[in-house]
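Okay, so here's the structure we're looking at.
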Amino acid sequence: MSLTMSDIKLTPEEIETMLDNAARRGAKEALRSIGLLDNDAQKDILEMRNLIEAWRDTRRSIWSTLVKVSTVGVLTFIAGAVWMTMGK
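Taking my numbering, the leading residue of the sequence shown gets 13, the next gets one more, and so forth.
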């Protein structure tokens, strides 16, 4: 005698439990495959977030510094041009 899918009866609660278990197993396997299933995983993720935030801050600082240096350069050029014109 063989069973078919129509012979199996599951309640909504049983289906939900099966789906929850499958989701947990899938999540654990996904974390294991990228090396984040150990005890240091939370610390690793926090360090990565801090690293990304530091990179964003650095990038923001670089742009700010470039704008300031460019502005000072343009103003110095204008001041030099005015000074040379006034000297004649």
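Backbone N, C-alpha and C define an ideal beta-carbon position, used for all residues, glycine too. Predicted, not measured: the structure shown is a model, and the values here were computed from it.
Annotation for Met30: the continuous alpha helix (DSSP H) segment containing it runs 24-45.
Rounded to the nearest whole angstrom, the C-alpha separation of Glu25 and Ala34 is 14 Å.
For Asn51, the secondary structure class from DSSP, reduced to helix, strand or coil, is coil.
Put simply, the backbone Cα of Arg71 is about 15 Å away from that of Arg61. Leu63 places its beta carbon 8 Å or farther from that of Ala53.
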